[in-house]
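Residue numbers for the sequence shown follow UniProt numbering, so the first one is 1 and each next one is one higher.
Following: one structure in structure tokens, then a few remarks.
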Amino acid sequence: MEFKTYMCLICGWVYDEAAGLPEEGIEPGTLWKDVPMNWTCPECGARKEDFEMMAI
């Protein structure tokens, strides 16, 4: 499986599916679609819909 990354369009913070966000209870390997809908960007508080998939 190929993991993807998603960037916050507001502040540029990047969510990496492979790394997850363990400090917020999101295990490594958590797909973006499985991140809770009420989750917000840890840097600026933007909502999930303010993120866009990016190719690295």
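Beta carbons are placed, not taken as given, at the ideal position from N, Cα and C, and that holds for glycine.
Which residues share a DSSP beta bridge with residue i?
{"i": "E52", "result": "M7"}
{"i": "V14", "result": "M7"}
{"i": "L21", "result": "I26"}
Kindly list the residues whose CB is nearer than 6 Å to the CB of residue i, restricted to its own chain and excluding five residues on each side of it in sequence; keep chain order.
{"i": "W13", "result": "C41, E43"}
{"i": "A46", "result": "C8, I10"}
Nearest to residue i by alpha carbon, out of the options?
{"i": "residue 125", "options": "Y15, A55, N38", "result": "Residue 125 lies beyond the range of the chain shown here (1 to 56); nothing can be said about it."}
{"i": "M1", "options": "T30, G25, I26", "result": "T30"}
{"i": "C11", "options": "M54, D50, A55", "result": "D50"}
Can you list, in chain order, the residues of its chain with a C-beta nearer than 7 Å to that of residue i? Leave out the 5 residues immediately preceding and following it.
{"i": "K48", "result": "V35, M37, W39"}
> Would you call the segment 3–12 and the segment 20–27 touching, i.e. three or more CB-CB distances under 8 Å?
Replying inline: no
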